[in-house]
Amino acid sequence: MANIVIDENACVGCALCVNMCPDRFEMDEGGIAKVKNGTCDCDLAEVATQCPVDAITIQ
Ligand code: F3S
Numbered sequence: 002m003a004n005i006v007i008d009e010n011a012c013v014g015c016a017l018c019v020n021m022c023p024d025r026f027e028m029d030e031g032g033i034a035k036v037k038n039g040t041c042d043c044d045l046a047e048v049a050t051q052c053p054v055d056a057i058t059i060q
């Protein structure tokens with residue numbers, strides 16, 4: 002399973018990643034994205050590409 006890393010300092014809370022892949026991303030209380038432990042068939046590389054501030058790294 003892909004390891005997702007979110008740069009919490011870069012994230013601006015647009016929630017695009019949550020909308021694209023709600024099984025792997027959620028918003029925390031501070032409005033910053035964090036990773037969930039779920040599984041999905043999403044194109045995570047595409048989610049990372051779409052993040053407007055390049056805060057998502059797929060390893
Ligand atoms: Fe943040 Fe990028 Fe998601 S700005 S909310 S990590 S799409």
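Per our numbering, the very first residue in the sequence shown carries number 2; after that it's consecutive.
Glycine is no exception: its CB is placed at the ideal position from the N, C-alpha and C atoms.
Predicted, not measured: the structure shown is a model, and the values here were computed from it.
Could you tell me whether the Cβ atoms of residue i and residue j are closer together than 7 angstroms?
i	j	result
asparagine 4	glutamine 60	yes
lysine 35	aspartate 29	yes
cysteine 41	aspartate 24	yes
Excluding sequence positions up to five away, which residues of its chain have a Cβ less than 8 angstroms from the Cβ of residue i?
i	result
proline 53	Val13, Cys15 and Leu17
Give the DSSP bridge partners of residue i, in chain order.
i	result
threonine 58	Val6
valine 36	Phe26
Spatial neighbours of residue i within its chain, please: CB distance less than 7 angstroms, with the 5 preceding and 5 following residues excluded, ordered by chain position.
i	result
isoleucine 57	Ile5, Ile7, Cys18, Val48 and Ala49
Please list, in chain order, all residues of the same chain as residue i whose beta carbon is under 6 angstroms from its beta carbon, the five residues on each side excluded.
i	result
cysteine 43	Cys22
leucine 45	Ala3 and Ile59
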